[in-house]
Each structure stands twice: as structure tokens, then as C-alpha cells.
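Numbering (my numbering), first residue to last: 10 to 222. We put the beta carbon where it would ideally sit given N, CA and C, even for glycine. Please read the structure below before turning to the comments.
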């Protein structure tokens with residue numbers, strides 16, 4: 010597809026995703042099956058365990074923790090959200106930038122969990138919160154179903170969830186949920202979008218020009 014800008018033409022690559030989101034989902038499900046066989050070993054080696062990172066330099070855990078989950082529903086809801094948000098964002102960004110953003114926010118979320126907690130953290134939730142933020146920026150008025158039946162615009166969902174995670178992080182809730190990682194995912198997502206704000210605005214204009222000519 011080509012859009013005219015004065016004397017030049019720019020190629021706009023809004024095509025069907027090449028299954029990068031589905032690939033991530035399949036990897037997560039595969040890892041979960043392995044995790045069921047040896048859960049303690051998997052968390053010890055590949056979860057984000059602050060003492061191991063601090064004293065034994067298990068730095069790979071900043072990436073691998075994103076692929077481990079506590080139970081099936083933890084995995085299911087994270088992957089469901091990944092599909093919903095990721096499917097549209099890949100159309101706008103393409104595979105490479107989507108992966109860069111996904112891992113940037115996931116690693117950033119892990120860094121926040123490492124700095125502010127001393128307990129093991131697992132799950133893709135930090136990266137998912139980063140995707141939620143990006144989705145709200147690109148599709149602010151898109152209607153989503155909160156808890157599958159409450160219609161709400163994406164921009165308001167970002168505000169609500171961000172506020173909840175901020176209060177939970179400040180309050181130091183010990184409910185087994187990595188609130189600092191969730192908030193960290195949104196924080197690093199905001200940093201990424203701000204650092205690439207010129208390109209972000211450009212892609213938003215191109216996307217809506219192509220979708221609604």
C-alpha cells in the first residue's frame with residue numbers, strides 16, 4: 010500500500026500479522042507444560058528470583074520469568090490479553106517493533122520487581138500491562154469488555170488499571186500479585202512510547218489513514 014506525501018511515496022506495511030503473537034502464546038503454553046513436570050526447578054532456574062540475580066548473577070531471569078506462570082488461569086488470562094492487544098498492535102508496528110516493545114516492557118517490569126521486592130516473580134503480566142498502555146494510546150476509544158461484560162473505552166481502562174496498580178504498589182499489598190511489576194510494565198511502556206513519540210504519532214496517522222480512507 011502506498012500513501013502520497015507530496016512528491017514522495019511511503020510504503021505502509023499494514024498487513025495480516027505473521028503469527029508472532031501466536032508464536033509467543035505457543036511458547037508460553039509449551040513452557041507451562043514443562044513447568045508442570047518440575048515447577049520448583051523451573052521457578053528456581055527461570056523465574057525472577059532476586060537473591061539469585063543479586064548473588065549468582067542469574068541475569069537471564071529478567072527475560073525467562075515472563076514465560077512461567079503460576080497456574081493455568083494465570084497463563085490463560087495473560088495469553089488472552091496478549092492476543093487481544095497484540096493482534097492490533099502488530100498490525101501497526103510490525104513484528105520487530107512489537108517484539109522490541111514486548112521484551113522492553115517485560116524486562117522493565119522484572120527490573121522493578123527486582124528492585125522493590127525480594128520474592129520470586131513469574132508471568133507475562135508486566136509486559137501485558139505495557140501492551141495495555143500502548144493499546145490505549147493507539148486505540149483510545151476502542152470499546153473493551155472489562156471482566157467480559159462491562160463495556161469501557163481503552164483509555165479509561167488504562168487509567169483504572171494504572172491507578173489500581175499504583176495504589177497496590179504503594180500500599181505494599183501481599184496478595185501474591187506482582188503489582189510493582191504491573192506498574193513497571195506500564196512505566197517502561199510509557200518511556201518507550203515517549204522516546205519514540207515522533208514515530209508513534211506517524212504510525213497512528215498512517216494506520217487510521219489506511220483503515221479509514
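message: Three Cβ pairs or more, each shorter than 8 Å: is that satisfied between the region 51-65 and the region 99-106?
response: No: the two stretches stay apart, fewer than three of their Cβ pairs being nearer than 8 Å.
message: Going by DSSP in three states, residue 114 sits in which element: helix, strand or coil?
response: Position 105 of the chain shown, counting from 1, holds the residue named residue 114. Collapsing the DSSP output to three states places residue 114 in a helix.
query: Around the C-beta of residue 156, are 16 or more other C-beta atoms found within 10 angstroms, so that it is buried, or is it exposed?
result: The residue you call residue 156 lines up with position 147 of the chain shown. Exposed, because fewer than 16 other Cβ atoms sit within 10 Å of the Cβ of residue 156.
- prompt: Would a C-beta distance cut-off of 8 Å place residue 165 and residue 136 closer than the cut-off?
  reply: By one-based count along the chain shown, residue 165 stands at place 156. By one-based count along the chain shown, residue 136 stands at place 127. The answer is no: Cβ separation not under 8 Å.
task: Output yes or no for whether 8 Å exceeds the beta carbon distance between residue 75 and residue 34.
output: The residue you call residue 75 lines up with position 66 of the chain shown. The residue you call residue 34 lines up with position 25 of the chain shown. Inclusion of residue 75 and residue 34 in the CB contact set at 8 Å is not warranted, their separation being larger than that value.
- prompt: Taking C-alpha atoms, which residue in 178, 158, 204, 90 lies nearest to residue 133?
  reply: If you number the chain shown from 1, residue 133 lands on position 124. It is 90.
task: Could you tell me the boundaries of the beta strand (DSSP E) in which residue 159 lies?
output: Counted from its first residue, the chain shown places residue 159 at position 150. Here the beta strand (DSSP E) through residue 159 covers 159-162.
message: I'd like the span of the alpha helix (DSSP H) that includes residue 152, first residue to last.
response: Taking the chain shown and counting its residues from 1, the one referred to as residue 152 is at position 143. Premise fails: residue 152 lies in the beta strand (DSSP E), 152-155, not in any alpha helix (DSSP H).
message: Less than 8 Å between C-beta atoms, sequence neighbours within five positions excluded: which residues of the same chain meet that for residue 62?
response: Translated into the one-based positions of the chain shown, residue 62 becomes position 53. Here the set comprises 68, 70, 71, 123.
- request: Determine the closest residue to residue 36 out of 66, 60, 84, 46, with distance taken between C-alpha atoms.
  value: The sequence position of residue 36 within the chain shown is 27, counting from 1. 84 is the residue among 66, 60, 84, 46 whose C-alpha sits nearest the C-alpha of residue 36.
- request: Report buried or exposed for residue 211, applying the criterion of at least 16 other Cβ atoms within 10 angstroms of its Cβ.
  value: Here residue 211 refers to the residue found at position 202 when the chain shown is read from its first residue. An exposed status is given to residue 211, since fewer than 16 other beta-carbon atoms sit within 10 Å of its beta-carbon.
query: Is there at least one non-hydrogen atom of the ligand GDP closer than 7 Å to the beta-carbon of residue 50?
result: No copy of the ligand GDP occurs in the structure displayed, which carries no ligand at all.
- prompt: Expressed to the nearest angstrom, what Euclidean distance is found between the alpha-carbon atoms of residue 22 and residue 99?
  reply: Within the chain shown, the letter at position 13 stands for residue 22. Within the chain shown, the letter at position 90 stands for residue 99. Only weak support exists for where residue 22 lies, its pLDDT of 43 falling under 50; the value from the coordinates is given anyway. Residue 22 and residue 99 have their C-alpha atoms spaced approximately 10 Å apart.
- request: Could you check how far apart the C-beta atoms of residue 119 and residue 57 are, in whole angstroms? I think they sit under 8 Å.
  value: Translated into the one-based positions of the chain shown, residue 119 becomes position 110. Translated into the one-based positions of the chain shown, residue 57 becomes position 48. Contact between residue 119 and residue 57 holds: CB atoms are separated by about 5 Å, below the 8 Å threshold.
query: Looking at the structure shown, is residue 189 part of a helix, part of a strand, or coil, going by DSSP?
result: Residue mapping note: residue 189 aligns to position 180 of the chain shown, counting from 1. In this structure, residue 189 counts as helix in the three-state DSSP scheme.
message: Tell me the DSSP secondary structure of residue 130 in three-state form.
response: Translated into the one-based positions of the chain shown, residue 130 becomes position 121. Residue state, collapsed to three classes: strand.
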